[in-house]
Structures are given as C-alpha cells and as structure tokens.
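**Student:**
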Amino acid sequence: WLPQLAIDAFKETGFLSLIENPLLVQFIHRWLGAMLLLLFINYFIKSKKYTLSLAQQNCNTFLIGMIFLQFGLGIFTLINSVPISLGVLHQLGAAVLLAILLITLYNFRKPTANPKA
13 WLPQLAIDAF KETGFLSLIE NPLLVQFIHR WLGAMLLLLF INYFIKSKKY
63 TLSLAQQNCN TFLIGMIFLQ FGLGIFTLIN SVPISLGVLH QLGAAVLLAI
113 LLITLYNFRK PTANPKA
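Numbering (the working numbering), first residue to last: 13 to 129.
1. Grouping DSSP H, G and I as helix and E and B as strand, with all else coil, what is V94?
2. Could you check the C-alpha separation between L50 and E24 for me, to the nearest Å?
3. What residues in its chain sit with their C-beta under 8 angstroms from that of Q38, if we drop five residues either side in the sequence?
4. Mind pulling the alpha helix (DSSP H) runs of 4 or more residues that sit fully within the region 43–95?
5. Output yes or no for whether 8 angstroms exceeds the beta carbon distance between F83 and I112.
6. The alpha helix (DSSP H) spanning T25 covers which residue range?
7. Apply the 10 Å Cβ neighbour rule to A21 and answer buried if 16 or more other Cβ atoms are within range, or exposed otherwise.
8. Which of the three DSSP states is assigned to F120 in this structure?
9. Hey, quick one: how far does the alpha helix (DSSP H) through L30 stretch, first residue to last?
Okay, here's the thing in structure tokens:
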C-alpha cells in the first residue's frame, strides 16, 4: 500500500528517505493525521464512560473539536494546492492542538499531596 516511488526512495537512501523524500514525508504526514484522528475519536468515545469534572469534559470537547478542525484544514490545504496562507494556518492549528493537549493532560493529572508548611 506504499507508493512505488516511496519504496524506491527507501531502497536508495534507507531511513533518510523518511525525512528527506518529500513524497514519503507527505505520505507519513497524511497517515499519521488519519491515525491520530481515529485514535482520538476512540479516546473521546471511551472517555464518555467515566465520570469527569467539568474541566475534563471541556478539555475533551476542545481536543476532539481541534483534532477534527486540524484534520479538515489539512485536507482543505491539500485540495487547494497548499497555498501559503492555509499552510501557515495548518501550522498554527498544530500549535493550538498541542496547547489544548497539554492543558488536557494537566487537567487529567493525578492530584499530588500538598504538604502543609
């Protein structure tokens, strides 16, 4: 299921083709996006089975929303032949997604004991 050009590039330069060959980089980027989308849909569905605080519920909602937005933006960027403005917006979306993910991780952390001073 790998494109033949990607296989040929991998045979030529080995693992360097994973970061140097534009075709292979794009292929990996697209599949990674699709896999992350499926993974987070699964996470979101399974998280509904647990009792979560309002902050945790909000984090999950923002997270799944941003995942869909980022995935859709990536597709829209490709359909429009990767204009700079959409490429930059896709990069900004990645930064926002990372921030939401970090906030989500913070809200799901285990509480630590606060020693009294």
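Using N, Cα and C, we set each Cβ at its ideal position, and we do this for glycine too. Every value quoted in this text rests on a predicted model; they were computed, and no experiment measured them.
**Tutor:** Here's the rundown:
1. Reduced to three states, the DSSP call for V94 is coil.
2. Rounded to the nearest angstrom, the two C-alpha atoms are 32 angstroms apart.
3. Cβ neighbours of Q38 within its own chain (closer than 8 angstroms, five residues either side excluded): none.
4. Counting only runs of 4 or more, we get 66–91.
5. Using a Cβ distance threshold of 8 angstroms, F83 and I112 do not count as a contacting pair.
6. According to the DSSP assignment, T25 belongs to the alpha helix (DSSP H) that extends over 16–25.
7. The Cβ neighbour count for A21, taken over all protein chains shown within 10 Å, is at least 16; the residue is labelled buried.
8. If DSSP states are grouped into helix, strand and coil, F120 belongs with coil.
9. 29–32 is the extent of the alpha helix (DSSP H) around L30.
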